[in-house]
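A.B. asks: Dumping the structure here so I can ask a few things about it.
2 protein chains.
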Amino acid sequence: MPIGSFSSSWTRKLAPLAYRFTQNPAHFIHTTSTIATKIMTSVPTTVNKTAHEFDKGNLDAVLTRRFFYAPAFEIYGGVAGLYDYGPTGSSLQANILDAWRKHYIIEEDMLELDTTIMTLDEVLKTSGHVAKFADWMVKDTKNGEIYRADHLVEAVIEARLKGDKEARGIEHVEVEETDEKKKKKKKNVKAAAVKLDDNTVAEYEFLLAQIDNYTGPELGEIIRKHKITNPTTGNELTEPVEFNLMFESNIGPTGAIKGYLRPETAQGHFVNFARLLEFNNGRVPFASAQIGKSFRNEIAPRQGLLRVREFTMAEIEHYVDPLDKKHARFNEVKDVVLTLLPKDVQQEGRTDLVQMTTGEAVGKGIVDNETLGYFLARTQLFLTKIGIDPKRLRCRQHMANEMAHYAADCWDFEIQSSYGWVECVGCADRSAYDLTVHSVRTKQALRVQQRLEKPVVVEKFDVQYEAKPFGMKFKKDAGAIKETLAGLPKERLQCIKDEFASKGSSLVKCADGKEHEITPDLVRIEPITVTEHVREFTPNVIEPSFGIGRILYSLLEHSYWAREQDVARGVLSFPVLVAPIKVLIVAISNDPALTTIIHDLTRRFRKLGIASRIDDSGASIGKKYARNDELGTPFGVTVDFASEWG
Amino acid sequence: MPIGSFSSSWTRKLAPLAYRFTQNPAHFIHTTSTIATKIMTSVPTTVNKTAHEFDKGNLDAVLTRRFFYAPAFEIYGGVAGLYDYGPTGSSLQANILDAWRKHYIIEEDMLELDTTIMTLDEVLKTSGHVAKFADWMVKDTKNGEIYRADHLVEAVIEARLKGDKEARGIEHVEVEETDEKKKKKKKNVKAAAVKLDDNTVAEYEFLLAQIDNYTGPELGEIIRKHKITNPTTGNELTEPVEFNLMFESNIGPTGAIKGYLRPETAQGHFVNFARLLEFNNGRVPFASAQIGKSFRNEIAPRQGLLRVREFTMAEIEHYVDPLDKKHARFNEVKDVVLTLLPKDVQQEGRTDLVQMTTGEAVGKGIVDNETLGYFLARTQLFLTKIGIDPKRLRCRQHMANEMAHYAADCWDFEIQSSYGWVECVGCADRSAYDLTVHSVRTKQALRVQQRLEKPVVVEKFDVQYEAKPFGMKFKKDAGAIKETLAGLPKERLQCIKDEFASKGSSLVKCADGKEHEITPDLVRIEPITVTEHVREFTPNVIEPSFGIGRILYSLLEHSYWAREQDVARGVLSFPVLVAPIKVLIVAISNDPALTTIIHDLTRRFRKLGIASRIDDSGASIGKKYARNDELGTPFGVTVDFASEWG
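Sequence order for the protein chains is A and B. Throughout the first sequence, residue numbering follows our numbering, covering 1 to 646 in sequence. Throughout the second sequence, residue numbering follows our numbering, covering 1 to 646 in sequence.
So, in structure tokens, the structure goes:
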């Protein structure tokens with residue numbers, strides 16, 4: 001006997017009443033798996049999502065009330081930049097990560113990793129993070145309040161320019177801020193309507209245009225020259241001090257081993273490269289992938305989930321022959337259309353977007369190579385699959401001055417939300433930087449040996465020593481000099497040989513910093529011809545790196561709308577793939593017989609892995625549907641009196 | 001046309017040759033999903049796994065060679081207690097976690113959480129971790145080497161007793177160490193064969209029996225009295241110093257906000273209790289669940305994955321009415337058979353295991369209540385589902401002296417491996433401890449309000465004040481006294497009332513530690529009768545807490561065996577559910593036509609979410625199967641010349 005109808009919730013009409021459950025287990029499973037298939041493949045029916053303008057206040061209220069996320073330790077007053085995900089947010093995140101894992105790790109046969117968060121300081125010294133992963137900060141000399149130096153200078157100068165315009169009676173047109181980079185730096189600073197002289201205005205405008213390029217000492221100079229103080233207190237500021245953005249701790253009880261919480265998962269891939277390569281039978285290309293938490297001890301976190309101190313990342317490191325960045329599966333994605341903002345366009349001060357297929361973008365050299373193009377296309381497919389609006393998604397190429405210290409080329413997927421265009425996925429070509437520095441530091445060969453089909457003949461230099469006099473002259477430094485010479489490239493050896501000829505000597509600088517003068521009577525450098533059967537190289541790394549919290553927040557904005565008939569009734573129309581709860585189960589009345597059925601029903605759904613939720617409160621059916629629209633539940637089952645369970 | 005046969009790998013015979021693929025997409029998907037269903041439900045055929053004794057050396061070699069896991073930052077020399085999971089280990093872990101999530105979170109409708117690792121110090125002060133989550137350590141006074149005080153004392157005393165036996169000519173029988181607690185403390189210490197007097201032997205034996213109960217100062221006393229020095233150097237040791245096992249860091253740039261890396265995920269649940277309760281419409285029972293990393297800065301980590309400084313946990317906090325610990329679904333698990341080691345048995349010094357159904361264990365009061373019993377049964381089902389050998393699995397009840405500072409009752413799932421019986425899942429009744437302390441500290445009500453079906457009449461005390469003289473007498477302390485009295489239980493108010501009658505006054509101790517004498521002329525305490533329509537209570541928390549790394553390592557040992565015919569050929573026979581790779585794909589020759597087919601085949605498998613791996617090396621088919629036995633790949637497809645693709 002049928003026991004309930006499988007009806008639609010807000011988005012999908014799945015032929016209501018077509019699926020009726022019975023208690024017969026085989027029939028139940030058959031019906032449910034039929035539905036499950038439909039669930040995963042069904043397409044939303046058309047609803048008018050744009051009847052009302054997006055209202056961030058309403059969305060925020062829903063996110064808090066339905067516990068998508070909330071400030072961590074809220075009952076203790078919270079800490080800026082730390083958030084906890086509640087039941088709905090966690091499930092949404094888990095579903096996004098599951099989709100990511102299937103889309104990349106499983107489908108592309110990537111080598112998964114789970115490396116430690118606590119990272120030995122030496123690793124991050126080598127990668128450059130201990131020296132360079134820092135922001136400049138200034139302190140109020142009296143109350144100790146701390147600001148990011150560049151943000152503060154920018155805010156004060158902007159306010160003064162605004163004050164100048166007011167004084168001159170020029171209407172101040174607020175430039176539309178669509179760029180996240182700009183927005184995040186804004187501090188609410190006001191300045192009096194004071195007219196500035198024309199030179200100062202010009203100087204200020206130049207300063208703003210260059211704000212990203214100043215060093216700490218330069219910012220200090222600007223602060224002193226332009227008498228910038230703490231806008232809140234009027235107190236003087238300290239000189240800018242570098243603040244490293246990594247959380248620091250000690251490993252073990254002695255205090256002798258220092259560690260940092262990783263700022264990215266990437267270094268965990270690189271230090272395992274030799275094992276990964278062996279696992280892949282010594283061949284490239286291949287990719288490693290990791291999902292996990294990373295940390296960034298921001299000076300002043302803001303903007304909710306977009307700039308936090310602890311966040312989930314999903315990172316891919318794809319190792320590729322630097323001479324061959326073709327991709328075996330490029331053909332499968334060549335027709336995927338990308339929305340591009342290339343660097344040339346930006347350098348002309350424009351933000352016009354160009355739409356073209358991945359094949360065309362790589363063919364024209366706008367995107368450098370097939371591998372980078374392949375990941376851009378796959379990422380476009382992933383983001384739209386989980387529900388990001390393709391019209392609010394663009395690939396922006398980095399300009400030379402904004403690239404990370406390790407990157408050779410970089411494209412960001414930026415997603416548009418109420419915060420402007422926000423970087424959510426970075427696709428960087430990190431070149432051979434990381435593998436090279438770790439290899440040099442640890443003296444481990446992080447290189448690929450490729451058997452050549454045809455041996456090649458190579459011109460090299462052979463270095464020979466007059467062992468006895470060489471040893472007597474350089475004593476304990478002799479070994480270091482030999483090691484240094486053995487590691488020099490061909491070009492440098494040619495220089496030394498030339499200097500031998502022209503000056504009769506040459507200087508060699510060893511790893512310990514000491515310089516030594518070598519002479520041709522002790523060191524002979526002769527050209528030789530070698531036949532090589534193996535080519536050895538350090539692979540380049542293409543890195544698609546996903547900020548999961550940013551993607552999740554953007555998805556919330558893109559999924560949120562209000563019913564055409566009722567602006568107060570918010571809906572989160574997630575794709576079924578990522579919806580935290582797939583099916584709402586309600587009974588048409590509080591009759592105990594129906595209550596038994598809905599509890600049995602949800603148990604059966606859940607046993608099949610389909611997240612379902614009962615609403616057995618006293619509210620009306622309409623109210624129940626509305627409440628579950630807010631959770632983004634796409635389907636509903638209503639159990640009515642026509643139902644008989646047995 | 002058929003293109004390849006779906007044949008069995010080592011464990012399962014799936015009617016070889018019955019499934020043949022063709023390039024026709026519909027047929028391929030149909031065949032694959034038929035197989036996928038079989039894969040997930042198939043039962044291993046019988047193979048002789050016990051022909052050879054377990055060899056930990058061989059297993060370790062496989063785990064390293066096939067990169068299940070390796071020391072973190074190995075190329076930098078590594079750090080004790082930190083491990084990275086490689087491709088096979090990560091996928092195994094991901095599959096275990098996926099199974100866990102489905103078994104608990106989805107199937108039981110738990111509220112998932114993802115809370116921060118970085119935890120405000122105040123939270124962990126309240127929970128007791130800042131004061132109590134510590135071990136005592138001693139330092140070598142000359143070389144600074146550090147030991148856990150209790151481990152060192154135990155090792156030295158044991159060695160001396162052994163030396164005594166040798167001197168007396170008594171053969172020393174090594175007691176079989178099956179208990180992980182004992183084993184982990186062992187340090188390889190040797191003492192000379194010196195005869196001790198009988199009193200000293202008795203004292204040493206008493207000391208060893210009590211070793212878990214000594215405080216730091218007591219351990220210091222023992223070290224001095226028995227002249228215990230660093231056994232390696234002979235140098236004297238410092239007094240025992242407490243070392244907190246949490247990693248500490250600063251949040252933000254000021255240094256004013258201190259944080260710790262969480263030692264458990266549980267506190268993240270408790271501080272969110274009010275929001276979780278609201279999400280669940282104010283009703284208990286319900287459970288929250290979280291999977292994530294936790295940290296423990298061990299003094300001296302050992303034993304591979306069993307005692308590490310960073311580990312993945314999966315924790316459930318089930319909130320239940322302290323007066324009603326029944327479980328609605330208990331009936332579904334009452335017949336699950338548990339292997340129990342109750343505390344009574346242990347207190348008699350025995351380790352006899354008792355087998356009984358969950359229903360019987362709860363019925364007889366051996367397991368305290370239905371909810372605890374329910375989780376024990378569900379956990380038994382989970383662990384055996386992922387491949388833990390039920391014969392090497394037991395539930396051991398904690399004795400009173402070994403319980404954590406917050407626990408009211410506790411059962412551990414212990415899994416037997418070459419390290420003995422190791423705690424892998426703890427099922428603790430944490431009572432109302434955590435919610436109460438957080439509530440008191442933050443003044444937030446972390447309580448459940450339950451509408452009573454019938455109102456109840458309650459006898460209480462009403463406290464009234466002579467406002468003016470009371471205020472004049474106690475001045476600024478008046479508020480604190482009122483607050484203290486308002487928070488006192490009925491029994492305490494009765495005492496005060498009694499003291500008023502007998503002595504004419506009573507002492508009240510406020511939260512700031514000050515004591516005040518109150519008198520009946522200023523404070524009146526009168527019995528009143530109140531009709532209550534709502535019952536308010538702090539729920540108790542039942543906590544099943546899973547150490548995923550320990551379970552994973554135990555599973556590796558339980559899954560490892562060597563072929564009867566070839567002891568060198570190791571096999572990891574994972575259940576299909578958790579196997580990192582499901583299908584091995586090989587071609588019968590290196591013919592380019594076959595190579596194309598296997599690459600196409602693996603792509604199609606992976607697109608359907610089935611992890612498959614090609615072996616296209618030059619090895620023989622037999623060798624290829626052997627290599628993939630080591631990865632625990634249960635199925636294989638061989639593409640032969642009978643195959644035609646298209």
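Cβ coordinates follow ideal geometry from the N, Cα and C atoms, glycine included. The structure displayed is predicted, hence computed values, not measured ones.
How should B/R168 be labelled, buried or exposed, when 16 other C-beta atoms within 10 angstroms of its C-beta is the threshold for buried?
C.D. replies: exposed
A.B. asks: By the 10 Å Cβ neighbour count, where 16 or more other Cβ atoms means buried, how is A/E543 classified, buried or exposed?
C.D. replies: buried
A.B. asks: In the DSSP assignment, what residue or residues form a beta bridge with B/F537?
C.D. replies: B/V448
A.B. asks: I'd like to check one pair, B/A611 with B/I598: are the Cβ atoms closer than 7 Å?
C.D. replies: Not closer than 7 Å, so no.
A.B. asks: For B/Y319, would you say it is in contact with chain A, using Cβ-to-Cβ distances shorter than 7 Å as the test?
C.D. replies: no
A.B. asks: Below 6 Å, is the gap between the Cβ of B/V463 and the nearest heavy atom of the ligand FMN?
C.D. replies: For the ligand FMN, the structure offers nothing, since it holds no ligand at all.
A.B. asks: Using a Cβ cut-off of 9 Å, which residues of the stretch 447–458 of chain B contact any Cβ in chain A, in chain order?
C.D. replies: none
A.B. asks: Would a check of beta-carbon distances place B/D114 closer than 7 Å to chain A?
C.D. replies: yes
A.B. asks: In terms of DSSP beta bridges, what is B/K293 paired with?
C.D. replies: B/T312
A.B. asks: Using the C-alpha atoms, what's the distance from B/E370 back to B/S418?
C.D. replies: 33 Å
A.B. asks: Expressed to the nearest angstrom, what Euclidean distance is found between the alpha-carbon atoms of B/K190 and B/A159?
C.D. replies: Spanning the two alpha carbons is a distance of roughly 6 Å.
A.B. asks: Tell me which same chain residues have a C-beta within less than 6 Å of the C-beta of B/G292, skipping the five on either side of it?
C.D. replies: T265
A.B. asks: What residue does the alpha helix (DSSP H) around A/C424 start on, and which one ends it?
C.D. replies: Element bounds for A/C424: not the alpha helix (DSSP H) but the beta strand (DSSP E), G420 to S431.
A.B. asks: When the Cα atoms are used, what is the spatial distance from B/P87 to B/A94?
C.D. replies: 10 Å
A.B. asks: According to DSSP, simplified to helix, strand and coil, what is A/D616?
C.D. replies: Residue state, collapsed to three classes: coil.
A.B. asks: Return the CA-CA distance between A/L306 and A/P489, expressed in angstroms with no decimal places.
C.D. replies: 45 Å
A.B. asks: Extract the residue ranges of the alpha helix (DSSP H) inside the stretch 327–404 of chain B, only unbroken runs of 4 or more that lie entirely within it.
C.D. replies: 330–333, 343–347, 358–363 and 370–385
A.B. asks: How big is the Cα-Cα spacing for B/F461 and B/K325?
C.D. replies: 30 Å
A.B. asks: List the residues of chain A that B/G86 touches, going by C-beta distances under 8 Å, in chain order.
C.D. replies: L111, L113, N272, R275, L276 and F279
A.B. asks: Can you give the Cα-Cα distance for A/A626 and A/F635, rounded to whole angstroms?
C.D. replies: 12 Å
A.B. asks: Using the C-alpha atoms, what's the distance from A/V425 back to A/T351?
C.D. replies: 19 Å
A.B. asks: Comparing C-alpha positions only, which one of A/E360, A/I481, A/Q397 and A/V639 sits nearest to A/I621?
C.D. replies: Closest in C-alpha terms to A/I621, from the list A/E360, A/I481, A/Q397 and A/V639, comes A/V639.
A.B. asks: Determine, using beta carbons only, whether A/Y553 and A/L572 come nearer to each other than 7 Å.
C.D. replies: no
A.B. asks: Closer than 6 Å by C-beta to A/H103: which residues in its own chain qualify, once you throw out the five before and the five after it? Chain order, please.
C.D. replies: F382
A.B. asks: By the three-class DSSP mapping on this structure, what secondary structure does B/K142 have?
C.D. replies: coil
A.B. asks: Relative to the alpha-carbon of A/I518, which residue among A/A511, A/L555 and A/F474 has its alpha-carbon at the smallest distance?
C.D. replies: A/F474
A.B. asks: Among B/R613, B/G216 and B/I257, which has the Cα closest to the Cα of B/F243?
C.D. replies: B/G216
A.B. asks: According to DSSP, simplified to helix, strand and coil, what is B/R224?
C.D. replies: helix
A.B. asks: Taking DSSP's pairing of strands, which residues face A/R563 in a bridge?
C.D. replies: A/D566
A.B. asks: Consider the Cβ of A/S554: report whether some Cβ of chain B lies at a distance smaller than 7 Å.
C.D. replies: no
A.B. asks: Would you identify the three-state DSSP class for B/D409, choosing helix, strand or coil?
C.D. replies: strand
A.B. asks: Mapping DSSP to helix, strand and coil, what is B/I651?
C.D. replies: Outside the modelled stretch of chain B, which goes from 1 to 646, sits residue 651 of chain B, for which no answer is possible.
A.B. asks: Give the residues of chain A in contact with B/V123, contact being defined as C-beta atoms less than 7 Å apart.
C.D. replies: Within 7 Å Cβ-Cβ: F73 and Y76.
A.B. asks: Touch check for the stretch 518–530 of chain B and the stretch 454–470 of chain B: three-plus C-beta pairs under 8 Å?
C.D. replies: yes
A.B. asks: Should B/A626 be flagged as near chain A, meaning a C-beta pair shorter than 7 Å?
C.D. replies: no
A.B. asks: Taking only the alpha-carbon atoms, compute the straight-line gap between A/P263 and B/T357 and give it to the nearest angstrom.
C.D. replies: 49 Å
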